[in-house]
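Chemist: Let me give you the structure first, and then I'll get to my questions.
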Amino acid sequence: MSKVQELHEQAMILSDQAMVARHHGEKERAIALSYQAFEYESQAAALIPDEKASEPTRSILYCSAASLAYDAKELWEAQQLIVEGLSGYPSPRIKQALKSLYEKINAELQKKVRKLTFKSEYVQPLHC
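Reading the sequence shown from the start, the letters are residues 860 to 987 in my numbering.
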């Protein structure tokens with residue numbers, strides 16, 4: 860079995876465990892398991908050369924890694940993985956999945972920015 864396959868299989872085992880934890884209401888455990896899975900999957904994706912012959916494997920692994928990073932609440936890392944996946948030669952279906960996830964992440968980041976903006980209305984500026 861290749862190193863890519865080993866890393867991917869470990870990621871999928873952890874991803875399945877995260878799904879079970881989420882189903883049982885174990886939110887923090889699910890996030891931690893998703894984080895571990897994202898680390899394995901992103902390592903697997905990074906081992907695939909950025910060339911047309913590597914598709915669709917390369918873009919699928921990057922899409923999977925980005926999704927796992929999103930599940931782990933690692934939004935910046937998820938965005939970087941999406942960009943990597945789009946920089947190759949993804950199929951139209953994978954390209955759409957990556958773009959949809961990117962839009963979902965941007966919406967969440969916008970919510971966070973709005974919360975910070977709202978909170979800053981109550982902060983008095985310092986006059987030095």
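Where a beta carbon is used, it is the ideal one built from N, C-alpha and C, also for glycine.
All values derive from a computational prediction rather than experimental measurement.
#1: My output table needs one value for His883: the three-state DSSP class, helix, strand or coil.
#2: Can you give me the start and stop residues for the alpha helix (DSSP H) that Leu945 sits inside?
#3: Please state the DSSP three-state secondary structure of Ile964.
#4: Assuming Gln957 contacts Ser901 under a Cβ cut-off of 8 angstroms, what Cβ separation, rounded to an integer in Å, is found between them?
#5: Kindly examine the ligand FMN and report whether one of its heavy atoms sits closer than 8 angstroms to the Cβ of Arg973.
#6: Within its chain, find whatever has a CB closer than 6 angstroms to the CB of Asp909; leave out the 5 residues flanking it on each side and keep chain order.
#7: Which same chain residues, not among the five before or five after Ile907, have their C-beta less than 8 angstroms away from its C-beta?
#8: Could you pull out every residue in the same chain whose Cβ sits closer than 7 angstroms to the Cβ of Ile890, ignoring the five residues on either side in sequence?
#9: Put Pro951 into one of helix, strand or coil per three-state DSSP.
Modeler: Walking through what the data contain:
#1: His883 falls in the coil class under three-state DSSP.
#2: Boundaries of the alpha helix (DSSP H) around Leu945: Leu934 to Ser946.
#3: In this structure, DSSP gives Ile964 a helical state, which the three-state scheme calls helix.
#4: Reading off the sequence, residue 957 comes out as Leu, not Gln. No, Leu957 and Ser901 are not in contact; Cβ-Cβ is about 14 angstroms, not under 8 angstroms.
#5: No copy of the ligand FMN appears in this structure; indeed no ligand is present at all.
#6: So the qualifying residues of the chain are Gly947.
#7: The answer, listed in chain order, is Val863, Ser913, Thr916, Arg917 and Leu920.
#8: Within the same chain, Ile890 has close Cβ partners Ala931 and Lys932.
#9: If DSSP states are grouped into helix, strand and coil, Pro951 belongs with the helices.
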